[in-house]
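Student: Numbering (the numbering used here), first residue to last: 2 to 206.
Got a structure for you, questions after.
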Amino acid sequence: MKLLIVDDDILIRKSLSFALASESDIEVVGTAPDGSTAIEQCRVHQPDIVLMDIRMPGIDGISATRLIKKSHPLTKVMVLTTFADKKNSLQALSAGADGYLVKTDKIASIAQKLRLLYEGTSIIDGPVLPHLTRPETSLLEKLSPRECDIARLVAQGLTNKEIANQLFLSEGTIRNKTITIMEKLSVSNRTQLGIAYYEEKNQKI
Numbered sequence: 002m003k004l005l006i007v008d009d010d011i012l013i014r015k016s017l018s019f020a021l022a023s024e025s026d027i028e029v030v031g032t033a034p035d036g037s038t039a040i041e042q043c044r045v046h047q048p049d050i051v052l053m054d055i056r057m058p059g060i061d062g063i064s065a066t067r068l069i070k071k072s073h074p075l076t077k078v079m080v081l082t083t084f085a086d087k088k089n090s091l092q093a094l095s096a097g098a099d100g101y102l103v104k105t106d107k108i109a110s111i112a113q114k115l116r117l118l119y120e121g122t123s124i125i126d127g128p129v130l131p132h133l134t135r136p137e138t139s140l141l142e143k144l145s146p147r148e149c150d151i152a153r154l155v156a157q158g159l160t161n162k163e164i165a166n167q168l169f170l171s172e173g174t175i176r177n178k179t180i181t182i183m184e185k186l187s188v189s190n191r192t193q194l195g196i197a198y199y200e201e202k203n204q205k206i
């Protein structure tokens with residue numbers, strides 16, 4: 002299999018490259034220190050699997066995974082990270098990652114899991130599984146009644162000033178509460194907030 006290794010730590014890149022290249026069935030076709038380089042390396046080398054870190058400068062691993070899967074749907078992405086938390090694992094898998102490993106595995110174990118992924122088996126490390134099997138809390142259940150009102154009005158396209166007038170609050174209060182709502186819903190802008198709100202509401206219809 003052709004493998005691309007992506008990690009911003011040069012020592013990790015070199016050690017993974019050296020160790021995995023020693024496996025008879027793995028050809029390391031390239032390494033990359035960030036997501037943008039990884040995307041370019043995928044275009045050039047067409048790897049079977051990308052071994053992808055999450056936290057990197059510029060384009061991070063989750064964004065890079067999404068872009069790579071869009072341009073190269075047959076390329077599999079195996080996340081290899083120190084983060085075994087719910088947020089990162091769900092975001093990576095939602096972006097299209099085919100597997101998720103935590104950087105506690107030995108090289109032999111990583112190599113074997115890459116083989117399984119290459120053969121078509123999705124790989125999720127043990128520490129991550131509880132996050133994926135517990136029932137999901139509704140997004141809107143994370144919000145207070147007032148925050149739900151604000152989210153609804155943001156989704157309708159109202160400005161902070163218009164929302165403040167409707168709810169008899171200051172514009173600064175609306176601005177601060179909107180930031181809090183976006184953090185709770187793990188979105189980065191008002192458009193994503195609106196999409197998340199309507200998707201959640203539609204699921205309940």
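All residues carry an ideal CB built from backbone N, CA and C; glycine is no exception.
Do I60 and A93 count as a contact pair if the criterion is CB distance below 9 Å?
Tutor: no
Student: Which same chain residues, not among the five before or five after N89, have their C-beta less than 8 Å away from its C-beta?
Tutor: I55, I63 and T82
Student: Quick one: Cα of S171 to Cα of I164, how far?
Tutor: Separation of S171 and I164 (C-alpha to C-alpha, rounded to the nearest whole angstrom) is 9 Å.
Student: Look at N50 and L102 and say whether their C-beta atoms are less than 9 Å apart.
Tutor: The question names Asn, but residue 50 in the sequence shown is Ile. No.
Student: I need the boundaries of the beta strand (DSSP E) containing T82, first residue and last residue.
Tutor: T82 -> beta strand (DSSP E) spans K77 to T82.
Student: Within a Cβ cutoff of 8 Å, which residues of the same chain sit near I124, ignoring the five residues on either side of it in sequence?
Tutor: Residues of the same chain with a CB within less than 8 Å of the CB of I124, apart from the 5 flanking positions on each side, are M79, D99, G100, Y101, L102, K114, L117 and L118 in chain order.
Student: List in chain order: all unbroken beta strand (DSSP E) runs of 3+ residues lying wholly within the segment 26-79.
Tutor: 28-33 and 50-53
Student: Apply the 10 Å Cβ neighbour rule to T76 and answer buried if 16 or more other Cβ atoms are within range, or exposed otherwise.
Tutor: buried
Student: Relative to the alpha-carbon of F84, which residue among F169, K71, K104 and C149 has its alpha-carbon at the smallest distance?
Tutor: K104
Student: Across which residues does DSSP place L4 in a beta bridge pair?
Tutor: V29 and I50
Student: My understanding is that L5 touches P48, with C-beta atoms under 8 Å, so please give their C-beta distance in whole angstroms.
Tutor: 4 Å
Student: Assuming contact is defined by CB atoms lying nearer than 9 Å, are R147 and K178 in contact in what I supplied?
Tutor: yes
Student: Where do the N-terminal and C-terminal ends of the alpha helix (DSSP H) with V103 fall, by residue?
Tutor: Element bounds for V103: not the alpha helix (DSSP H) but the beta strand (DSSP E), G100 to V103.
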